[in-house]
Structure formats: C-alpha cells, structure tokens
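First comes the structure, then the notes that go with it.
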Amino acid sequence: MAGVAQAVAIVTNGQLIAYVVPAQGHAPQAGQLALALREQLPSYMVPAAFVMLDRLPLTSNGKTDRKALPAPAWSEQQAAFQPPSTPTERTLCTLLEGLLKLERVGLGDNFFSLGGDSIVGLQFIAQARGRGIAITPRQLFQQRTVGELALVAGAVTALDAEQGILAGAVPLMPIQHWFFEQDLTDKVHWDQSVLLRPHAPLTADLIHAALMRLVEQHDSLRLRFTFEHGQWSQQYGDAREAYAFAERTVGANETIPHALSGFSAGADLARGPLLCAVLLHLPGGEQRLYLAAHHLLVDTVSWRILLEDFANMYGRPASQPAKTSSLRQWAERVRNYAATQAQAQRGYWEAQPAATPLPVDSPEGGNHVRDQVALLEKLSAASTADLLHKTHQAYRTQVQDLLLAALAATLCEWSGADGITLDLEGHGRESLFADLDVSRTVGWFTTLYPVHLSLPSGAADAQVIQAVKEQMRAIPEHGFGYGALRYLAEDNGQLGKRPRSAVLFNYLGRIDGGDSNAMLSLATEATPPEQAPANQRTHELEIVAAIQQDVLQVEWRFSGQRLRQEKQQQLLLGFMKRLRQLIDHCQHSSGAFTPSDFPMAKGMNQQTLNKLLSKLK
600 MAGVAQAVAI VTNGQLIAYV VPAQGHAPQA GQLALALREQ LPSYMVPAAF VMLDRLPLTS
660 NGKTDRKALP APAWSEQQAA FQPPSTPTER TLCTLLEGLL KLERVGLGDN FFSLGGDSIV
720 GLQFIAQARG RGIAITPRQL FQQRTVGELA LVAGAVTALD AEQGILAGAV PLMPIQHWFF
780 EQDLTDKVHW DQSVLLRPHA PLTADLIHAA LMRLVEQHDS LRLRFTFEHG QWSQQYGDAR
840 EAYAFAERTV GANETIPHAL SGFSAGADLA RGPLLCAVLL HLPGGEQRLY LAAHHLLVDT
900 VSWRILLEDF ANMYGRPASQ PAKTSSLRQW AERVRNYAAT QAQAQRGYWE AQPAATPLPV
960 DSPEGGNHVR DQVALLEKLS AASTADLLHK THQAYRTQVQ DLLLAALAAT LCEWSGADGI
1020 TLDLEGHGRE SLFADLDVSR TVGWFTTLYP VHLSLPSGAA DAQVIQAVKE QMRAIPEHGF
1080 GYGALRYLAE DNGQLGKRPR SAVLFNYLGR IDGGDSNAML SLATEATPPE QAPANQRTHE
1140 LEIVAAIQQD VLQVEWRFSG QRLRQEKQQQ LLLGFMKRLR QLIDHCQHSS GAFTPSDFPM
1200 AKGMNQQTLN KLLSKLK
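Residue numbers for the sequence shown, in my numbering: 600 to 1216.
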C-alpha cells in the first residue's frame, strides 16, 4: 500500500490491530488507511485501530516480536474527541448535530451509535447534497465513522431528474397496488395529516402562495387516479386544482376535531383535490395549521420534506431548488428491477413462513376503523437516550433491532409460538439506482414486506438480540424486492396468494428533529380520524413507534371488538418492560459478534462463530 513500508496485524482481545511503519516521507492517517483497506477487504478484516511505529520490534532471529508490540491506547482513543477540520467534515458534523439534537459530533462518531436511523439518514443525505456534498445511503451504512464518511463523500453531480411541471402517466408503485388491493368501503378517505403550531401569525394569502409553489415543486401532490378496464392508473394533474384551502374559527367550547369535521384530503380520486389545508383561529388568539394529503400521494418521509419546503416558501421570494428524481422515474426503474435483479430473491420470499394467527378473544367481532383502540406508552427520556446512544456497541445493532427483539419476545410469549410473522414497513428509498436520487422526492415510496422472527427456546436477552439481528440482516435489500415481485413481476407465483400478516410494525424514527427555530412545530391537540370509520383495518394488531420530543412513544392499535383492552394493555406494558430490560443488558454486557458481522463467511452460524472467537481469546 502506498505510504506504508511495513505492517503487521494481530488480534488483541477480539479486536484486529494493525501496526504500521510509514514509508519515508509519508505520514498516513488511520482513517485514510481504513478507507483504502475497506475498498479491498470486507469490513471485519479492516483493523479496529492503527498504531504508528518507527520500526517493528524484532526477535533475535529477525522475525516480528509480537509480544513486544505496544498495546493500543484504547482509553485515550475512546475518550478523545476528534473535532472536524476540513470544510466537508465541519459540514457533516454540523448537520448531524442539528438532526440528532447533539451538542457536538466528532470524526470518530458512528451515525447509528449516535441514534441515527434510516429515515434521519435520508434527511442527512438531502441536506448534505444541498451543500454540495454527495453521500449515498449505502455509504452511510458502510462507513464506520463520520470521518470515514467525509473521506468517501464526493462532489454533487448532475442527476437524472425531470424538471418543470410534470404531466402524463405514472406507473403505480408496489405500495399503491397494495392499497387498491384492499377491500375498502371508502378509498377516498385514507389520509395522512399533521397539525402545526405556527410561531408567528400566518395569513391566508401567503399560505395560498406557498401551497401553489409546493404543488409545482412536488409533482406527486398533483396525482390523480382512475379505474378503467378493471385496473387502476395514475397521472399528474393540474397545479391549479391540486389543493383546497379554508379558514375556520374554533368556538369557545369546540374541539379541534369537531372544527375540522368535513375537511379531509380526499374529494375525488379522479378529479381531486387530494391535498387540503385549514387555518384554524383558536379562542385565545393562537392559530393552528392543519394539512392533510391522501396517503396515495405521500409517506412519512414526504412530510418532512413538505414541512421544510413550506417554511422556506412561506412569505419568501419565489426561488425553488432543482428537483430530485421524479416518482415516475423511480417507478419505471422499479418495474424494470422487478423483471431483472429482484428475480434472484424469489426463492427467499417464497420460503418465508406463512402468517401466524393471533389468539383473538372474539373472532366474530368487527375489525373496522371505528372499532380501533389505541394505547400509548412512553419510555423515559433517560431510557430513550440510552436506547439511542448507549446500546448498540455491544451487538452492533440499530434501534429497530431492539424494538423488534422486545416485540418478538412479547408476542411469542403471548401466542405460545416459537416465532412470529409480521409485516414490516420501510421507507423504500433504497440506494439501488446510482443515477437516481429520491431523498427529496415526495410520494408514497413505502415498502411493506413479511418478516418471520423465530426465537430459541428459553432464550436469554443476548440470544434474543442476536437471533433477531441475524434474521433482519438476512433480508435482501431491506425488503425492497418483495413488493416489486408481488405486484410488478409478470409472474408473481406464490407471492400473489400470500395472506397478510396479523401484525404490522412501523418504526418512524425521530418525527420532530431538526431546527428548533423553525416557523412551525407539531401541535399536541387531537385531530380527526385519518381513515373512514367504515373501512376495514388492514391488520389485527398495529405497533407504531416513534421518537418525539426526545421520548420513545409506542402506540398499540387493535380492534376493541376482537381483542380485550385489558389484555392488550398488559402486552404493551410487557413489551415496554422487555425493551427496558434489553437496553439495560446492552449497557452492561460485553456483547458479541454475530455471523452478519462477517459477510464473507457465508453459511457460518452463531455456534461456529463462537467457537472460532473463543480460540482467539
């Protein structure tokens, strides 16, 4: 390797340490060496630390004296904060400090260990791009530290992105096919909405102007849907008819849900509008801004983009950034992907165990939106901080891994089964197409795919975490291929007949991160139902987790006509208790490697890995 005269690597306490003698006139940095090795070696073969030496110690017969090699100064390395020095490093650290609400981020920090997740990662990538720094989601997952990420970051180049106000047909996304597959009484009333508290008074004229710019910038807000010849299709509509706006004064004894009754995003799927905004004037003089869009147009990531852009467009000069790749470009590429790369995953998805039923208390009970009961529990701020920042070093996990581990243990104990099959939601904006960037594209990109999590009998906390982590890492391309194969492939085989799972899990990550000085913040008041009361619910049990105001909130949704509330309350409390137990375990355990930490060791199981690692101690 250029700049290196001699090098030797040894294993110390389960860690690979490299000792390097630089070539004359060279002074290689540890981060540069790690990056160069990462381009040629799997991550587990890249040393955890580099020790620079003037020369290697030798034995009397001229061989490297391994016993004389100095131990790396782990404590100093771990305690030392590495401040950014280059413009790229400073920009990346500053962005992460804002998104993750941290006082400081250094070059040695890991994005996921800091509490980052895949959705925050998309925000990070988009914000970096806006500052001229190009990072891909794949790089965010592969690079261990912010410093290494800065080394691989490139300059922003031109993307394949349609510009102007788009028109014409758009292929349906897999999740949109899923929506139309549901037997819904009212397909029009299926919204996503936010209620916002403005930090300064809003005016109707400026709201109108901002909304018009918003629907011109984000073409998916103008989508229209028609049903002809037994099939649904979508196309871009006219910006002038893209949204509805109203002002409403809330009475002294009136609730916000009552004031908003009659206002929903859906008017007509074919004619629209499918986006609405209502400015509420409260009795005390405060305002609230209610925004609702049909779910066919948006997802959770979309709302982060829309709220940021609305704030930037409200009352400001009409300058709009270049668009990222369109939903149409992405949908066309996914359709091609379903016929090509995704075919290699068919065997994996067809081998997934069938959905397991839950022990329903009243099978004859209804499962409509009007029957839904939603229970809410919160983790303490201290435990949430531990979950985000202090748990993942032990087993190289992410937040969702621990949430699913606690959920699988809870549901298996309830059902008496050794495994649970659930439907898992993902953001769907994977880095599969190098020339497309949808990190700031509005649309319904969500992936929905089945996951079977089996647990060893009588598993301790360590075994539960390891088992769930390994099963999650085995999922190809974060589940992206399942919907493509089921809904877009010419022959979907067994997948087209697969019944839905009884359980849905969705981890939304941070839903209120970002600039604390923003003009709008999420309000706390209740809002109207986002779905028509007569619609069938899609799952028996829905668990939605998110971090809001630095606290993990878990909502446990079910039909009160089919499942007893007392029992579900016990299950939710049991889940929270198990989660706290796993958080505590990870903080006090030395942890362990799992086979997915060694991607080139194909077919190796945990037992074999444990034997190999024991020989290195």
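All C-beta atoms, glycine included, are put in the ideal place defined by N, C-alpha and C.
C-alpha distance - isoleucine 609 paired with arginine 1177, whole-angstrom precision: 38 Å
Inter-residue spacing [alpha-carbon to alpha-carbon] between alanine 678 and alanine 647: No answer about alanine 678 holds up, because its pLDDT of 44 lies below 50 and its placement is not dependable.
Cα-Cα separation, alanine 876 to proline 1049: 35 Å
In DSSP terms, what alanine 608 is bridged to: Ala617
Own chain, CB closer than 7 Å to alanine 1004, minus 5 neighbours either side, in chain order: Val1063, Ile1064, Val1067 and Leu1181
Local Cβ density within 10 Å of lysine 922, reported as buried at 16 or more and exposed below that: buried
Boundaries of the alpha helix (DSSP H) in which aspartate 782 is found, first to last residue: Element bounds for aspartate 782: n/a, residue is neither H nor E.
Helix, strand or coil at glutamate 1076 [DSSP, three-state]: helix
Boundaries (first-last residue) of the alpha helix (DSSP H) holding glutamate 747: 745 to 751
Arginine 1161 and serine 961 closer than 8 Å at C-beta: yes
Glutamine 1168: first and last residue of the uninterrupted alpha helix (DSSP H) it sits in: 1164 to 1187
Cβ neighbours of isoleucine 1110 in the same chain (closer than 6 Å, five flanking residues each side left out): Ala1145 and Gln1147
Distance CB(threonine 1126)-CB(leucine 859) smaller than 8 Å: yes
Alpha carbon of glycine 836 to alpha carbon of valine 787, nearest angstrom: 17 Å
Cβ-Cβ separation, leucine 1010 to leucine 986 (assumed contact under 8 Å), whole Å: Contact doesn't hold; Cβ gap of about 20 Å is too wide.
Three-state secondary structure assigned by DSSP to valine 897: coil
Residue nearest to arginine 823 in terms of C-alpha spacing, selected from Gln816, Gln833 and Leu632: Gln833
Beta-ladder partner(s) of threonine 977, from DSSP: Reading the sequence as shown, one finds lysine at residue 977 and not threonine. DSSP lists Gln1152 as partners of lysine 977.
Short Cβ contact (8 Å threshold) for alanine 803 with leucine 878: yes
Alanine 1083 classed as buried or exposed, judged by whether at least 16 other C-beta atoms fall within 10 angstroms: buried
As assigned by DSSP and simplified to three states, the class of phenylalanine 680: coil
For arginine 995 and alanine 1191, the rounded distance between their alpha carbons: 9 Å
Straight-line Cα distance separating alanine 725 from serine 1213: 43 Å
First through last residue of the beta strand (DSSP E) which encompasses arginine 1227: Outside the modelled stretch of the chain, which goes from 600 to 1216, sits residue 1227, for which no answer is possible.
For proline 1049, the first and last residue of its enclosing beta strand (DSSP E): 1046 to 1053
Pairwise C-alpha distance: threonine 744 and glycine 1080: 29 Å
Buried versus exposed call for methionine 644 [16 or more other C-beta atoms within 10 Å across all chains shown]: exposed
Three-state secondary structure (DSSP) of arginine 821: helix
For lysine 662 and aspartate 1149, believed in contact at Cβ under 8 Å, the rounded distance: Going by Cβ atoms, the distance from aspartate 1149 to lysine 662 rounds to 55 Å, so no, they are not a contact pair.
CA-to-CA distance, asparagine 1209 to aspartate 1196, given in whole angstroms: 13 Å
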